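J.: Take a look at the following structure, please.
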Amino acid sequence: QVQLVESGGGLVQPGGSLRLSCVSSGSIAGFNAMGWYRQAPGKQRELVARFATGGNTNYADSVEGRFTISRDNAKNTVYLQMNSLRPEDTAVYYCNVVAPWGTAYWGKGTLVTVSS
């Protein structure tokens, strides 16, 4: 069983930055598929950024060039650096990992609010 805990959300003004963290209860060294998703009020959950098979990274068009996903295997942590935040980035952000045995795990989410 893998437990994920997100942190780093909060209220930020447009143009500001936040760094989200997702800490895993177990090692993520062997996990190739990890990513961040978000769900805004009244909308479906959508991919924000992820590590895909082979180490490639994928970003939603709406965040390309503003957000960066990274990982620290030694700390069992995945990060999402978010710059130049916009009101439309307001959402609950969820961490997702897919274990080598195929099970997908989700955190409970952290709320990001971009507002002046």
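Be aware that the sequence shown starts at 34, since it is given in this note's numbering, and climbs by one per residue.
Ideal Cβ placement from N, Cα and C applies to all residues, glycine included.
Since this is a predicted model, take the numbers as computed values, not measurements.
Between Leu113 and Leu53, what straight-line distance do the alpha-carbon atoms span, to the nearest angstrom?
T.: The alpha-carbon atoms of Leu113 and Leu53 are separated by roughly 5 Å.
J.: What is the DSSP secondary structure of Ala132, reduced to helix, strand or coil?
T.: Ala132 falls in the coil class under three-state DSSP.
J.: Within the chosen definition, does the stretch 77–97 reach the stretch 131–141 through at least 3 CB pairs nearer than 8 Å?
T.: No contact exists between the stretch 77–97 and the stretch 131–141.
J.: Can at least three beta-carbon pairs, one atom from the stretch 43–51 and one from the stretch 76–83, be found at a separation below 8 Å?
T.: With the cut-off at 8 Å, the stretch 43–51 and the stretch 76–83 do not touch.
J.: Are the CB atoms of Cys55 and Leu44 within a distance shorter than 9 Å?
T.: Cβ atoms of Leu44 and Cys55: not closer than 9 Å.
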